[in-house]
Amino acid sequence: MNGPVLDNRLAPAAIYEELARLFEKFGDEQYGEAITQREHMLQSAHMAEERGESDAIVVAALLHDVGHFFSPQTEELVSDGRPEQNFCHEVLGARFLESCFGPEVIVPIQLHVAVKRYLCSVEEGYYESLSEASKHSLVLQGGPMTPAQVEKFSAGKHSDAAIGLRYCDDHGKQVGIDIPGLEYYRELIIKMVNKDLRAA
Ligand SMILES: [Fe+2]
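See below:
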């Protein structure tokens, strides 16, 4: 699968500018629950900070849905005969970011949909707590995990971090709250750009 990839030859400040450009271009699109994509991602990051999550999870929460900026519509994929799971927004987002951020940011982003499937299997009342849009997308995402999938997921190195991100995602859907904008996270993003992975 091809898709856009964030250029890891850019300086960290330029990577922030590129992310800011994408938020500007696509952030006004509806998230589907009376808020925009930008509001949802900023609220998720704010929630992560309020909960005292690590810097990596704050950045992951801020960027977790960046793949929605590039997702073709599901209907397009199905009519085109392509397997839609290869084009899921968490996969697109993780691939877009992975040359610029470490696994502590990327893996929770990659897993944030799987966590929903996991929590629907293991946590009583979780499914009922989901928004209608989230219940609907669960069906498209494969439904609750099977016991074997639950076991495999639990054993993963970043599963706890991914659950933390999911909490922020689920609670980042409030209408009309006053929170910091993207600029507030500029220094944190710059700090978290993985210098080891950047080309010389
Ligand atoms: Fe989200």
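In UniProt numbering, the protein residues as written are 1 to 200.
Glycine included, every Cβ here is placed at the ideal spot set by N, Cα and C.
- Here Ile35 has Lys173 and Val175 as same chain residues with Cβ atoms under 7 Å from its own Cβ, once five neighbours each way along the sequence are excluded.
- Between Arg51 and the set Leu165, Tyr185 and Ile177, the nearest pair of CA atoms involves Leu165.
- Non-local C-beta neighbours of Ser99 in its own chain, meaning closer than 7 Å and more than five positions away in sequence, comprise Val5, Leu6, Asn8 and Leu197, ordered along the chain.
- Within the same chain, Cβ atoms closer than 6 Å to the Cβ of Cys120 are found at Tyr126, Tyr127 and Pro144, the five residues on either side in sequence being excluded.
- The beta carbons of Glu24 and Ala56 sit about 24 Å from each other, so the pair does not count as a contact at 8 Å.
- Under DSSP, Thr36 takes part in a beta bridge, and its partners are Gln30.
- Phe69 carries a helical assignment under DSSP once its states are collapsed to helix, strand and coil.
- Tyr167: member of the alpha helix (DSSP H) spanning Ser159 to Asp170, first to last residue.
- Distances from the CA of Leu111 to each of Ala14, Cys88 and Ile179 were compared; the closest alpha carbon is that of Cys88.
- Val122 sits close to Val150, with the two beta carbons spaced by under 8 Å.
- Residue pairing by DSSP places Val193 opposite Phe101 in a beta bridge.
- Inclusion of Ser44 in the 7 Å shell around ligand 1 follows from its C-beta lying nearer than that to a non-hydrogen atom of the ligand.
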